[in-house]
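Residues 934 to 1531, numbered by my numbering, are exactly what the sequence shown covers, in order.
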Amino acid sequence: MPLIVIPTLFFSLIESLFILPKHLSHLRKVDNIHQGKGFVGAWRRFQNRFVMRMDQFVIRIYKPTLHWCLKWRYLTMATSLAVFMITMGLVAGGHVRFTFFPPVEGDNIAAAVTMPLGTTTEETKRAVMKLEQAAIEVRKELDAETPDGYKSIVRHILRSIGSQPFMTDQSRSGGSVSANITGAHTGEVHIEASPAEERMFNAYELARRWREKVGVMPEAENLQFTADIFQAGDAINVVLTGANFDELQDAAEWLKDKLGDYEEVIDIADSFREGKEEIQLQIKPEAEALGLTQIDLARQVRSAFYGEEVQRIQRGRDDVRVMLRYPQKERQSLANLQNMRIRMPDGKEIPFNEVAQLTFGRGYESIRRIDRRRAVNVTADVDTSKGNTQVLNTALKKEILPDLRKKFPGVYWDFEGEQSEQAETIASMSYLYGIALIIIYGLLAIPFSSYIQPIIVMAAIPFGLIGAIWGHIVMGMDVTILSGFGVVALTGVVVNDSLVMVDYVNRKRSIGLSEMESAKQAGMSRFRPIILTSLTTFAGLTPLLLEKSLQAKFLVPMGVSLGFGVIFATVITLILVPSMYLILEDIRTFYFGPNDKL
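Written out as C-alpha cells, the structure is:
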C-alpha cells in the first residue's frame, strides 16, 4: 500500500502547486451568482446556500464554542485528556477487544483427523467417513433453514485419506505446527462452500455445527477444524521445554486440562506424535555399577545390527560403502539381539540379557529441541463468538503458566504462533513508527524555526486514536493490527490539518494580533477547508467501510481507523490545537517573559 500512496501524494503535490493554479486562472468571474439557467444555475444556487449555511454555522456555533474553549483552555485540555484515557481504558480493560489478525471466513471449511501412527488405511477411512457423514447431516440442517433466494451453503464435500491437503496449505501460511503431515494415519474432509454473498450462513457457523455433530473422537490423536482463509498462527500456542521428557509430557497434559476449562477454547492439541513400534533398551543397575552407560549399550547394538562404515570404494560414478556388522543370519531375529555379547569398560564381554532388558513400545515421530532442551507445543483455537484470543493469552500468562512453572519446576514456557507474530510485528512497527515521528518533527521544525511549535502539531496525534477506537465500537469490530496500520496513516492527516492551523495562527500574529485573537481568526478562516477535507476523505472511504466482499475484509479495519479518525481529527484541529497553542504560550510567557516567541 505505501508503494501506491506515496507516488499518489507526490503527483498530487505537483498537481496542486503547478497545474491547479493554471486551471483556476481560467475561471470566469460571475457577478451575479444566480445567473445561468437550468442545471448550471441550480448548482450555483445550491453552492451559495451551502456556503451561507456553513458561514452561519461558523458564526453562530463554532465561533462562540471556540471562544469558550480558548477562554477555558486548561479545562478543554483536561477534558480531552480524560476522554483519551477513558478510550484507552476501554481497550486495556477488554471492553474493546483486540485481535492480532481479523478472522476472515473463507469459502473452504476443513476437518483434519490424525490417527495414531501405524493405523491402517481402513481405520482412517472409517474416521474420515464419520466426518463426511456429519458434514452431510449439517448441510441438510442448514438447507432446511435457508429461505428462498439463497443458495445452499455447501457446494461440494471432498474427502482425502493419507494426506491433509487443505491443512497443509494453511500450515504454509502460518497455521498449525502439526498440520503438515501425511501417511495412512491422516485424513481430511473438505467442504467447498458457496460464495459469502450468496449464502445465508457464514463459514464459522457451519464449522461450529460440524464440530458439535462430530463430537468426541477418542480413537483420533488429533482433530482440527478450520474455516479461516488465512491464519497468522495458532490462536494459542505455548511451547514447553525441559530436560525431563516425562515431566514435559505431564506438564503438557496439565496445560491441556486447564485450557479445556474454558468454553471458548476449541481444538486443543499438542505436538506429541507417537511413532512406530520399537524395541527399547534399558540398562540394568548392576551393569551400570560396572561402568556401562546407556550410550555405550546403544552404540554397540547399533554397530552390531546396522554396522559401522569402515571404507568407501569408488566404482564408476558410485561410492560403495563398506559396512562392518554381524553376518546377516545373526541379525534376523530378536533372539540374535538377546544372544549378543556386550563389551564392558574393563574389556570383558557379558551376555546381553545380563546387562540390559528389552521392552516394546512406541517412540515419538519426531523430537524437537530448543536450546538443547526437548520441546513440545500445546496449541488451541478460540471461538471468537464466545471469547477473545488476547484475553485468554493474558490469562495464560498471568495465571495458568506461572502455576505450571511452580508445579513443574523443570519445565519452561514461551509463546509461539499468533502471539509470537504479534510481538514481533508490534515491536517492528513501533520502532519504525518512532523513526517516522522523528522525521516528521524535523520536517516541521525547519519551516517553523521553532522547537516548540512542532510539539503543538504532533501533540494532536495521540488524540486521533480516540476517533479510530470509537469507530471500531460504532462498526462493532475488534481492533486489529490492520487497525494499527490505519492509525499510522491517520498520523499524516492529523499532522497536515494541525500544521495548517498553527501556520495560520503564526501569520495572524505576524501582523500584530494578540495570541487569543490570532487563534480565533485562524479557526474561523480554516474551518471550511478543514471540514471539507475531512468530509471528502470520509466519503471516499465509505464504500470500503460498507464493502462485504472477501477481498475487502482485510482492509476494512484500516479504513475504519482512518475514516473515523479523520472525523475526530477535525475536532482536534479546530478546538484542541488552538487551545494547546495558547497553553504553550502561557508557559512561555511565565518562564521567559512576554517578548519571547514560541
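The beta carbon of each residue, even a glycine, is placed where N, CA and C say it ideally should be.
Please return the same chain residues whose Cβ sits closer than 7 angstroms to the Cβ of residue i, not counting the five positions on each side in sequence.
i	result
R1132	Y1083, K1084, I1086 and A1126
L1181	L1173, G1175, R1307, V1309 and V1344
E1196	K1319
M1410	P1490 and V1493
For a quick check, are the C-beta atoms of residue i and residue j less than 8 angstroms apart?
i	j	result
Q1352	N1170	yes
M1277	G1224	yes
G1343	N1177	yes
T1020	N1321	no
E1210	F1293	yes
R1264	F1285	no
E1207	K1146	no
T1312	D1194	no
A1117	T1053	yes
A1160	E1354	no
A1392	M1513	yes
Y995	F1460	yes
T1413	F972	no
V876	Q1244	Outside the shown range of the chain (934 to 1531) lies residue 876, about which nothing can therefore be said.
M1362	G1417	yes
T1009	I1389	no
K1331	L1003	no
I1300	V1288	no
V1315	I1373	no
I1516	R986	no
I1212	Q1227	no
I1029	I1406	According to the sequence provided, residue 1029 is Val. The question's Ile does not apply to it. Contact: yes.
L1337	L1188	yes
L1214	I1201	no
L1325	V1198	yes
E1518	E1450	no
A1067	I1090	no
I1399	F1017	yes
Y1366	V1438	no
Can you give me the Cβ contacts of residue i inside the same chain, cut-off strictly under 6 angstroms, excluding the 5 residues immediately before and after it?
i	result
V963	Any answer about V963 is weak, because its pLDDT of 46 lies below 50 and its placement is not dependable; what the coordinates show is given next. No residues qualify anywhere along the chain.
R1092	V1061, E1065 and V1122
L1156	V1046 and M1150
V1499	V1426, S1467, T1470 and F1471
T1506	D1430, S1431, M1434 and I1463
I1394	T1424 and V1427
D1183	none
To the nearest angstrom, how far is it from the Cα of residue i to the Cα of residue j?
i	j	result
V1234	D1252	26 angstroms
L950	A1025	44 angstroms
S945	L999	32 angstroms
I1359	F1396	20 angstroms
S1443	P1511	16 angstroms
L1535	V1149	Missing from the structure shown is residue 1535; the chain here goes from 934 to 1531 and no further.
D1436	G1404	29 angstroms
E948	L942	10 angstroms
S1458	Y1524	31 angstroms
S1383	S958	35 angstroms
A1269	Q1247	According to the sequence as given, residue 1269 is Asn; it is not Ala. Between N1269 and Q1247, the C-alpha separation is close to 33 angstroms.
A1043	P1036	16 angstroms
R1142	R1088	17 angstroms
H967	V984	A caution first: H967 carries a pLDDT of 48, below 50, which makes its placement in the model unreliable, though a value can still be read off. So the alpha carbons of these two residues sit roughly 14 angstroms apart.
W1346	D1190	16 angstroms
R1258	G1249	25 angstroms
L1415	P940	22 angstroms
T1057	K1063	10 angstroms
R978	I992	21 angstroms
R1305	D1179	16 angstroms
W1001	T1317	46 angstroms
A1077	R1059	27 angstroms
L1267	E1221	23 angstroms
For residue i, which residues of its own chain have a beta-carbon under 8 angstroms away from its beta-carbon, when the five flanking residues on both sides are left out?
i	result
L1478	M1408, V1489, G1492, V1493 and G1496
V1110	For V1110, the predicted structure reports a pLDDT of 44, less than 50, and the residue's modelled location is therefore unreliable. The matter cannot be settled from this model.
P1080	M1133
G1095	T1054, T1057, T1115, G1116, A1117, T1119 and G1120
E1282	R1274, I1275 and R1276
contact_flag[the stretch 1475-1492, the stretch 1369-1381] where n(CB pairs < 8 angstroms) is 3 or more:
Judged by Cβ distances under 8 angstroms, the stretch 1475-1492 makes no contact with the stretch 1369-1381, as fewer than three pairs qualify.
Scan the stretch 1055-1122 and note each continuous beta strand (DSSP E) run of 3 residues or more that stays entirely inside, going in chain order.
Qualifying beta strand (DSSP E) stretches, in chain order: 1087-1094.
At 3 residues or longer, what runs of the beta strand (DSSP E) sit wholly inside the stretch 1162-1201?
The qualifying runs are 1169-1175.
Beta strand (DSSP E) runs contained entirely in the stretch 1233-1311, provided each spans 3 or more residues
Restricted to the stretch 1233-1311, the beta strand (DSSP E) segments that are unbroken, complete and at least 3 residues in length are 1241-1248, 1251-1257, 1274-1276, 1282-1284, 1289-1297 and 1301-1303, listed in chain order.
In chain order, each alpha helix (DSSP H) run of at least 4 residues that lies wholly inside the stretch 1119-1160:
Segments of the alpha helix (DSSP H) lying fully in the stretch 1119-1160: 1136-1147.
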